[in-house]
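Student: Following this message is one structure expressed as structure tokens.
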Amino acid sequence: MAEAIKVPTMAEFMAQGKSPEVLFWVGCAGSFDDRAKKITKAFVKLLAKAGVEFAVLGTEESCTGDPAKRAGNEFLFQMQAVTNIEVLNGYEVKKIVTACPHCFNTIANEYPGLGGNYEVLHHTQFLKSLINEGRLTVEGGKYKGKRITFHDPCYLARANRIYEAPRDLLAKLEVELVEMKRCKTKGFCCGAGGAQMFKEPEPGNKDVNIERTEQALETKPEIIAAGCPFCNTMMTDGVKNKEKESEIEVLDIAEMIAAADDL
Amino acid sequence: MEYLPNILFILALAAGIGFFVVNCRKLIRNIKLGRDEDRSDNKPQRFKNMAKIALGQYKMVRRPVSGIIHVLVYLGFVIINIEVLEIIIDGIFGTHRIFSFLGGFYDFLIAVFEVFALLVLVGVIIFWIRRNVLHIKRFLNKELKGWPKLDANLILYFEVVLMLLFLTMNAADLSLQLRGAEHYAQASGIVGAFPVSQFIAPIFENMDTASVIMIERAAWWIHILGILVFLNYLYYSKHLHILLAFPNTYFARLKPQGELDNLEAVTNEVKLMMDPDADPYAMPEEGAADEVPAKFGASEATDLSWAQLLNAYTCTECGRCTSECPAHQTGKKLSPRRIMMATRDRIEDIGKNIDANKGEFKEDGKQLLDDYITREELWACTTCNACVEACPVGINPLSIIMDMRQYLVMEQSAAPSDLNNAMTNIENNAAPWPFNQMDRANWINEI
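Dropping the structure here:
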């Protein structure tokens, strides 16, 4: 890139008396996890390329409370939610985009009851709208004709019935999409949901992510596409476990679109 | 003595229906032991869901083999029950085929009943083979050992016997009509069309009329008594779904599956904590709802809502939830079906306890948590909603798991230690990992 991309914060926007088109909610994984940060950066590059005036909360963002709520800690969840809502409402945020289906689900479904009403989009939905509006063009590039399977995040597909947007983006990339038997609203969990990401699994005969990776491998993909930083981690671990990491990549759709354009 | 059969029939009918009403009232009382929850919103959508999912069996056919056979058995059950109405009227007044004045339409009806009786018979036999011969994994889980397996087979045997009796009754009736037997033969000729039982009727050809009447009467009586017994068997069986699927789909949650309700009691507390002007010693406002519930989450069946208890009674143990559950598929102890069965067993035990102790529950040293549902099962759930999606009658096992987790965490601080660490991190540095909040935006400089 010739010039560095500027990622302004809401505070900076406010200081200039302006408000951005959309707030990018980065999420904890997107902020701290090395693998997920790549997704964050890819998405930001796409936003910049499309000329979207966006902002992040930066250090004012904090965990949505999803893992706490799913672990059963409603107190901690609502403390987080109310804190976040105060910040968001303080900045008069109207529209939020996030690359994390867990953040998406929590802000879209559980914040309204606590006073936080926003239009919330998953990044695949937002990217699709940018393409539809002609602000972003996508060409297959290096992914054209590649055999790809898409792992539906539970909190996107089943929980919120969003499974077309990521597929539409893959179609724009001109990939050969091969579906797993369990896809869309019948998708199989990667094993990270419900705060499982942060604990050891209960005794069993297999880890959930291994089972899901095996299902993905059955489609003989060159790339496993994902739309959630946690699914991404789980599937990446699964592919490593199967010693396939030299042949099969696990990529977020935003990363693929950015890479197709050499961003 | 002439009216003895009529009187006996009326007594049997009254006993059958009376006992059923008693059981229904017990069922409703048990469901109402659950806490209150408002499911009265958006009635049009609720009716639509009931029509689509219960009446229309729309989720059943997602698995085509069991789904289509189930539709046949369900249709047969509903349609053949129209004939029961005639049987009841005939029983009370001692008439023979009272609806036969409908003429050609009556012939059509009887023909349809017969065809469906045959289809039900075939369907039920396939179901029996699926359960007992083929190794279908979801029918082999350990939670089905013992009574649940016997219950499932008993239902199938019941249906086989009822259908055979129905066809035998018709065949004997046809044979009697053909030979012009008194009471059976009608001036208008043969009433009813018998596309299936006409092939059974020849068996009776060489029997004397008295014997055939005996067979017809026996089949008629055992058939209707069998239906009354079956009706009363429902309460003790997973078969209750044939009734409860309707209210259960009507009252099912309408929100997106991913949305978990926010606990109102917690909201009030949190608002109090966050509001700098709040007076923590202030008296609650006049008429304000009781702020703090006795307990957060659920450790007992009666901590669950009535809708969740209705879910438990509606479950017919088909196991579609369990067969889609990622935790179960990878060998964990969790089975969403068992969560529903355990909940139903517990609320049943509580109901029986109340009955045995003159209307009051006597402490029995047990509770839903640990004695019926283990912590290991609760913590294995990924909250992926596959079980909720799979259920053909709108049951939500996940909501029970979540309520019980809430009890474990908020009342007992009994989360797995890893989760406690993650939650401590969220409290201290606003992320589930131990990173410094001030480093949250560091990625910006790495682009």
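As given, the protein sequences belong to chains R and L, one line each in that order. Just so you know, we're using full-length UniProt numbering here: the first sequence kicks off at 1 and counts up by one. Just so you know, we're using full-length UniProt numbering here: the second sequence kicks off at 1 and counts up by one. A virtual CB, placed ideally from N, CA and C, is assigned to each residue, including glycine.
Hey, is residue 305 of chain R's beta-carbon within less than 8 Å of any beta-carbon in chain L?
Tutor: What the structure shows of chain R is the stretch from 1 to 263, and residue 305 of chain R is not part of that stretch, so it cannot be assessed.
Student: Would you verify that the beta carbon of R:Met263 is, or is not, closer than 8 Å to some beta carbon of chain L?
Tutor: Within the first sequence, the letter at position 263 stands for residue 263 of chain R. Here residue 263 of chain R is Leu; the residue named in the question, Met, does not match the sequence. False, the Cβ-Cβ gap to chain L never drops below 8 Å.
Student: Using beta-carbon positions only, say whether residue 451 of chain L and L:Trp306 come within less than 8 Å of one another.
Tutor: The shown model of chain L, from 1 to 447, leaves out residue 451 of chain L, and the question about it has no answer.
Student: Name the residues in the region 181 to 198 of chain R whose C-beta lies less than 9 Å from a C-beta of chain L; which are they?
Tutor: Residues Arg182, Thr185, Lys186, Gly187, Phe188, Cys189, Cys190, Gly191, Ala192, Gly193, Gly194, Ala195, Gln196, Met197 and Phe198.
Student: Could you tell me which chain R residues have their CB closer than 8 Å to the CB of L:Asn49, listed as they occur along the chain?
Tutor: Taking the second sequence and counting its residues from 1, the one referred to as residue 49 of chain L is at position 49. By Cβ distance, chain R contributes nothing, its closest Cβ being about 15 Å from L:Asn49, past 8 Å.
Student: If I measure Cβ to Cβ from R:Asp66 and keep anything under 6 Å in the same chain, skipping five residues before and after, which residues do I get?
Tutor: Counting from 1 along the first sequence, the entry for residue 66 of chain R is found at position 66. Closer than 6 Å at the Cβ level, and outside the excluded window around R:Asp66, lie His102 and Thr106.
Student: Which of the residues in the region 15 to 44 of chain R, read from start to end, lie with their CB under 7 Å from any CB of chain L?
Tutor: Result list: Cys28, Ser31, Phe32, Lys37, Thr40, Lys41 and Val44.
Student: For R:Cys261, does the three-state DSSP call read helix, strand or coil?
Tutor: Along the first sequence, read from residue 1 onward, the residue named residue 261 of chain R stands at position 261. With the sequence shown as reference, residue 261 of chain R is identified as Asp, and Cys is not the correct amino acid for it. In the structure shown, R:Asp261 sits in coil (DSSP, three-state: anything other than H, G, I, E or B).
Student: Could you check whether the Cβ of L:Asn385 sits closer than 8 Å to any Cβ belonging to chain R?
Tutor: Working through the second sequence from its first residue, we reach residue 385 of chain L at position 385. Chain R contact via Cβ: present.
Student: In this structure, does DSSP put L:Ser305 in helix, strand or coil?
Tutor: If you number the second sequence from 1, residue 305 of chain L lands on position 305. DSSP places L:Ser305 in strand when its eight states are reduced to three.
Student: Which word fits R:Asp252, buried or exposed, when buried means at least 16 other C-beta atoms lie within 10 angstroms of its C-beta?
Tutor: Within the first sequence, numbered from 1, the residue matching residue 252 of chain R stands at position 252. Classification of R:Asp252: buried, given that the 10 Å Cβ count is 16 or more.
Student: Starting from L:Trp147, follow the alpha helix (DSSP H) in both directions and report where the run begins and ends.
Tutor: Taking the first residue of the second sequence as position 1, residue 147 of chain L is located at position 147. Here the alpha helix (DSSP H) through L:Trp147 covers Trp147 to Leu178.
Student: Per DSSP, what kind of secondary structure is R:Ala2 in: helix, strand or coil?
Tutor: Within the first sequence, residue 2 of chain R is the residue found at index 2, counting from 1. Any reading at R:Ala2 needs caution, since the residue's pLDDT is 46, under 50, leaving its predicted position unreliable; the model's value is listed next. R:Ala2 falls in the coil class under three-state DSSP.
Student: Taking the alpha-carbon of R:Ala50 as reference, which of R:Lys37, R:Gly27 and R:Val22 has the nearest alpha-carbon?
Tutor: By 1-based counting over the first sequence, the position of residue 50 of chain R is 50. When only C-alpha atoms are compared, the closest one is R:Val22.
Student: Hey, which unbroken runs of the alpha helix (DSSP H) at 4 residues or more fall wholly within the region 162 to 232 of chain R?
Tutor: Those alpha helix (DSSP H) runs which fall completely within the region 162 to 232 of chain R and span 4+ residues are 164 to 172 and 208 to 217.
Student: Buried or exposed for R:Lys142, going by 16 or more other Cβ atoms inside 10 Å?
Tutor: The sequence position of residue 142 of chain R within the first sequence is 142, counting from 1. So R:Lys142 counts as exposed.
Student: Give the interface partners of residue 322 of chain R over in chain L, defined as CB-CB distance under 8 Å, in chain order.
Tutor: The question about residue 322 of chain R has no answer here: the residues shown for chain R are numbered 1 through 263.
Student: What does DSSP give as the partner residue(s) for L:Leu369 in the beta ladder?
Tutor: As a first step, residue 369 of chain L must be located in the second sequence, where it is residue number 369. Partner(s): L:Ile373.
Student: Tell me, which residues are paired with L:Gln186 by DSSP?
Tutor: As a working mapping, residue 186 of chain L is identified with position 186 in the second sequence. Note: L:Gln186 sits in a beta bridge opposite L:Gly189.
Student: So is L:Asn262 in contact with chain R if we call contact Cβ pairs under 8 Å?
Tutor: Indexing the second sequence from 1 puts residue 262 of chain L at position 262. L:Asn262 counts as touching chain R.
Student: So the alpha helix (DSSP H) R:Glu74 belongs to, where does it begin and stop?
Tutor: Position 74 of the first sequence, counted from the first residue, corresponds to residue 74 of chain R. Unbroken alpha helix (DSSP H) run through R:Glu74: Glu74 to Gly90.
Student: Between L:Val71 and chain R, is the shortest Cβ-Cβ distance under 8 Å, so that the two count as touching?
Tutor: Position 71 of the second sequence, counted from the first residue, corresponds to residue 71 of chain L. For L:Val71, the answer is no, since every Cβ of chain R falls outside 8 Å of its Cβ.
Student: Count the other CB atoms within 10 Å of the CB of R:Ala2; is the residue buried (16 or more) or exposed (fewer)?
Tutor: Within the first sequence, numbered from 1, the residue matching residue 2 of chain R stands at position 2. Bear in mind that the predicted position of R:Ala2 carries a pLDDT of just 46, short of 50, making it unreliable; the figure below should be weighed with that in mind. With fewer than 16 Cβ atoms within 10 Å of its Cβ, R:Ala2 is classed as exposed.
Student: Kindly indicate if chain L contains any beta-carbon less than 8 Å away from that of R:Asp207.
Tutor: Working through the first sequence from its first residue, we reach residue 207 of chain R at position 207. Chain L, which has a Cβ nearer than 8 Å to the Cβ of R:Asp207, makes this yes.
Student: Any idea if L:Tyr250 is buried or exposed, counting beta-carbon neighbours within 10 angstroms, 16 or more meaning buried?
Tutor: Position 250 of the second sequence, counting from 1, holds the residue named residue 250 of chain L. So L:Tyr250 ends up on the buried side.
Student: Are the C-beta atoms of R:Ala2 and some chain L residue less than 8 Å apart?
Tutor: Against the first sequence, residue 2 of chain R aligns to sequence position 2. Bear in mind that a pLDDT of 46 at R:Ala2, under 50, signals an unreliable position, so the number given afterwards is only what the model happens to contain. By this cut-off, R:Ala2 is not an interface position.
Student: What residues are listed by DSSP as bridge partners for R:Leu251?
Tutor: Numbered from 1 along the first sequence, position 251 holds the residue referred to as residue 251 of chain R. Answer is R:Ala225.
Student: For the region 412 to 423 of chain L, which residues have a CB atom closer than 7 Å to at least one CB atom of chain R, in sequence order?
Tutor: Listed by position, the residues of the region 412 to 423 of chain L near chain R (Cβ gap below 7 Å) are Ala415, Pro416, Asp418, Leu419, Ala422 and Met423.
Student: Spell out whether any CB of chain L is found under 8 Å from the CB atom of R:Gln125.
Tutor: One-based indexing of the first sequence puts residue 125 of chain R at position 125. It does not; no Cβ of chain L falls within 8 Å.
Student: For R:Glu174 and R:Gly145, which I take to be in contact (beta-carbon distance under 8 Å), what is that distance rounded to the nearest angstrom?
Tutor: As a first step, residue 174 of chain R is located in the first sequence; it is residue number 174 there, counting from the start. As a first step, residue 145 of chain R is located in the first sequence; it is residue number 145 there, counting from the start. So it is a contact: roughly 7 Å between Cβ atoms.
Student: Using a Cβ cut-off of 8 Å (strictly closer), state whether L:Phe296 contacts chain R.
Tutor: Stepping through the second sequence from its first residue, residue 296 of chain L is reached at position 296. Yes, its Cβ sits closer than 8 Å to a Cβ of chain R.
Student: Following the continuous beta strand (DSSP E) through L:Leu55, name the residue where it begins and the one where it ends.
Tutor: Residue mapping note: residue 55 of chain L aligns to position 55 of the second sequence, counting from 1. Careful: L:Leu55 lies outside any beta strand (DSSP E) and carries neither H nor E.
Student: Please state whether DSSP places R:Val26 in a helix, a strand or coil.
Tutor: The sequence position of residue 26 of chain R within the first sequence is 26, counting from 1. Coil, per DSSP.
Student: Rounded to whole angstroms, what's the CA-CA distance from L:Asp371 to L:Ile80? Just pull it up for me.
Tutor: Taking the second sequence and counting its residues from 1, the one referred to as residue 371 of chain L is at position 371. Taking the second sequence and counting its residues from 1, the one referred to as residue 80 of chain L is at position 80. Whole-angstrom Cα-Cα distance: 42 Å.
Student: With three or more C-beta pairs closer than 8 Å as the rule, is the region 225 to 240 of chain R touching the region 54 to 71 of chain L?
Tutor: Taking 8 Å as the limit for Cβ pairs, the verdict is that the region 225 to 240 of chain R does not touch the region 54 to 71 of chain L.
Student: Output the distance between the C-alpha atoms of L:Asn232 and L:Ala111, rounded to the nearest integer angstrom.
Tutor: Here the question's residue 232 of chain L lines up with position 232 in the second sequence. Here the question's residue 111 of chain L lines up with position 111 in the second sequence. Going by the C-alpha atoms only, they are around 28 Å apart.
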